[in-house]
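Chains as they are written, first to last, in this note's numbering: chain A, 1374 to 1486; chain B, 114 to 226.
By construction, the Cβ of each residue, glycine as well, lies at the ideal position given by its N, Cα and C atoms.
Shown next, in structure tokens, is the structure this report addresses.
In structure tokens, the structure reads:
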């Protein structure tokens, strides 16, 4: 089955700097890669996703890149703000998301004011 | 995006009893899933709730312990049976959106005494 590894497990950045979280996956059939943000005591919230037919996707300060050959994808957050502090999870799925998600282990991001 | 609700939001149960969690989606979704999230951990898939047929369980999870129903495309229940303190966790349901994104319910926090 699919295995998703996520690094780093914790990340602290100064407010205004960029943060990068990286994930690798094992199943070459995976073609859908969402990222979720989870604040303390809240549900995971989908913040961005990418399908394997594109290499990069942006939404304001958030971007995701995908390297299918290397089987890794990354989340980039620019101009970080205190409200970006949360746990971020990457995930992978086949059938463009119409299947179960396999989650990474999570990254606790702390933005230092 | 699909709006997903869960009941109850939290419960405290005695060991040996059972708890049934309800998940309601505001629109028809193809896929519904049940996850468990231990404190400070990632999300672990328990099973895929299939409409009109038996749920598909992940390794380590069995129907006798986690019976699931899905009578239609907007509703599912998860029962956690014969509770033990090790079952204390947050249980989350998710549903597939119109573009196959998955959205999560708010979770049910279960404490077993």
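Would you kindly report the start and end of the unbroken beta strand (DSSP E) that includes residue i?
i: residue 1426 (chain A); result: First-last for residue 1426 (chain A): undefined, no H or E at that position.
i: residue 215 (chain B); result: 215 to 217
i: residue 135 (chain B); result: 132 to 138
i: residue 1448 (chain A); result: 1445 to 1450
i: residue 189 (chain B); result: 188 to 193
i: residue 1483 (chain A); result: 1480 to 1485
i: residue 1392 (chain A); result: 1392 to 1398
i: residue 1387 (chain A); result: 1383 to 1387
i: residue 223 (chain B); result: 221 to 225
To the nearest whole angstrom, what separates the beta carbons of residue i and residue j, a pair I think is in contact under 8 Å?
i: residue 1482 (chain A); j: residue 1459 (chain A); result: 6 Å
i: residue 1477 (chain A); j: residue 1396 (chain A); result: 5 Å
i: residue 1453 (chain A); j: residue 1386 (chain A); result: 6 Å
i: residue 132 (chain B); j: residue 193 (chain B); result: 5 Å
i: residue 223 (chain B); j: residue 139 (chain B); result: Not confirmed; about 24 Å, so no contact.
i: residue 1467 (chain A); j: residue 1403 (chain A); result: 6 Å
Residue i by DSSP, collapsed to three states: which one?
i: residue 177 (chain B); result: coil
i: residue 1456 (chain A); result: helix
i: residue 200 (chain B); result: helix
i: residue 1468 (chain A); result: helix
i: residue 120 (chain B); result: strand
i: residue 127 (chain B); result: coil
i: residue 207 (chain B); result: strand
i: residue 1378 (chain A); result: strand
i: residue 77 (chain B); result: Past the boundaries of the shown model lies residue 77 (chain B); chain B is included only from 114 to 226, so the question cannot be answered.
Look at the Cβ atom of residue i, then the Cβ atom of residue j, and state whether they are nearer than 9 Å.
i: residue 178 (chain B); j: residue 163 (chain B); result: no
i: residue 1376 (chain A); j: residue 1405 (chain A); result: no
i: residue 159 (chain B); j: residue 171 (chain B); result: yes
i: residue 191 (chain B); j: residue 203 (chain B); result: no
i: residue 219 (chain B); j: residue 114 (chain B); result: no
i: residue 109 (chain B); j: residue 128 (chain B); result: Since the first and last residues shown for chain B are 114 and 226, residue 109 (chain B) lies out of range.
i: residue 136 (chain B); j: residue 145 (chain B); result: yes
i: residue 1429 (chain A); j: residue 1420 (chain A); result: no
i: residue 1457 (chain A); j: residue 1485 (chain A); result: no
i: residue 1462 (chain A); j: residue 1411 (chain A); result: yes
i: residue 187 (chain B); j: residue 134 (chain B); result: no
i: residue 226 (chain B); j: residue 150 (chain B); result: no
i: residue 1449 (chain A); j: residue 1391 (chain A); result: yes
i: residue 217 (chain B); j: residue 1417 (chain A); result: yes
i: residue 1415 (chain A); j: residue 1425 (chain A); result: no
i: residue 141 (chain B); j: residue 1474 (chain A); result: no
i: residue 1455 (chain A); j: residue 1388 (chain A); result: yes
Any idea which residues DSSP pairs residue i with across the strands?
i: residue 1440 (chain A); result: A:1445
i: residue 1407 (chain A); result: A:1422
i: residue 162 (chain B); result: B:145
i: residue 156 (chain B); result: B:150
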